[in-house]
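Worksheet for the structure shown next.
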Amino acid sequence: MKIMVGGLAVGVGFGAVTSLVNAFSSPYGELGAPLTGTVWAKAAKVLSLLIDAGWSWAALAVAMGWLAGTRTQGALVGALALMAATVAYYLTDAFVWGADTDIVDWLVVGLPLGLLLGAVGAAIGRPGLIGLLAALTVPVGAAVQMVVLPPRPHLTLTPAIVLAEAIAWTAAALGAGWAVYRFRAEKRAVGAV
């Protein structure tokens, strides 16, 4: 029960923060306009490009599943976190921008993906190839998204875009390196016994 409440809270926080960071990064809204041209606007833009990416939303469900531990709990808390994040994101967007939402579409997508990604996260702790593949899910997903759909809202490369891409690639490489290192260390430990 504790992990479910935690998943709900983390999801709500993630969704609301993502929406607010987007609002602060945009020079066209009430929150972002006063920051235009400042270091805060640039930082908000980098954060917006990172946390409003598909791989970071997937990482939310995977991380919550990992914390849950069991596959069933992981699947449930992963879905709960994604759905809570979606609701919080669109409610915050409606408050900040006064915009209409397509919340139902994203909830319909978030439920099965949250269940799947939460279960994957719970498998990270498993030994062997299953644990390795589960641990590689987010880093590989981030790398694939960076190739197929990089965080470039417009054609001109800006310092914020370059920095966001560098951070995403670095995080993907570190995550994959950690997964492989853990797998190899576990294999050596089993071989030494």
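The sequence shown begins at -4 in the working numbering and counts up one residue at a time. C-beta atoms are modelled at their ideal positions from N, C-alpha and C, and glycine is treated no differently.
Quick one: Cα of residue 72 to Cα of residue -1, how far? Spanning the two alpha carbons is a distance of roughly 6 Å.
For the alpha helix (DSSP H) that contains residue 27, what are its first and last residues? Run containing residue 27: none; DSSP gives neither H nor E here.
In three-state DSSP terms, what is residue 169? Residue state, collapsed to three classes: helix.
Could you compute how far the alpha carbon of residue 181 sits from the alpha carbon of residue 122? Going from the Cα of residue 181 to the Cα of residue 122 covers about 8 Å.
Grab me the residues of residue 81's own chain with a C-beta within less than 7 Å of its C-beta, minus the 5 sequence neighbours each way, in chain order. Excluding residues within five positions, the ones whose Cβ falls inside 7 Å are 10, 98, 101, 102 and 105.
Unbroken stretches of the alpha helix (DSSP H), 4 residues or longer, contained in the stretch 118 to 174: The qualifying runs are 123 to 143.
Chain-order list of residues whose beta-carbon lies under 6 Å from that of residue 138 (same chain, five-residue window excluded): So the list reads 167, once near-sequence residues are dropped.
C-alpha gap between residue 62 and residue 140, whole angstroms: Straight through space, the alpha carbons of residue 140 and residue 62 are spaced by roughly 24 Å.
Just reading off the alpha helix (DSSP H) that residue 67 is part of, what are its end residues? Per DSSP, residue 67 belongs to the alpha helix (DSSP H) from 66 to 92.
What is the DSSP secondary structure of residue 96, reduced to helix, strand or coil? The answer is coil: DSSP assigns residue 96 none of H, G, I, E or B.
Determine the direct distance from the alpha carbon of residue 146 to that of residue 152, and round the result to whole angstroms. Inter-residue distance for residue 152 and residue 146 is about 10 Å (C-alpha atoms, whole angstroms).
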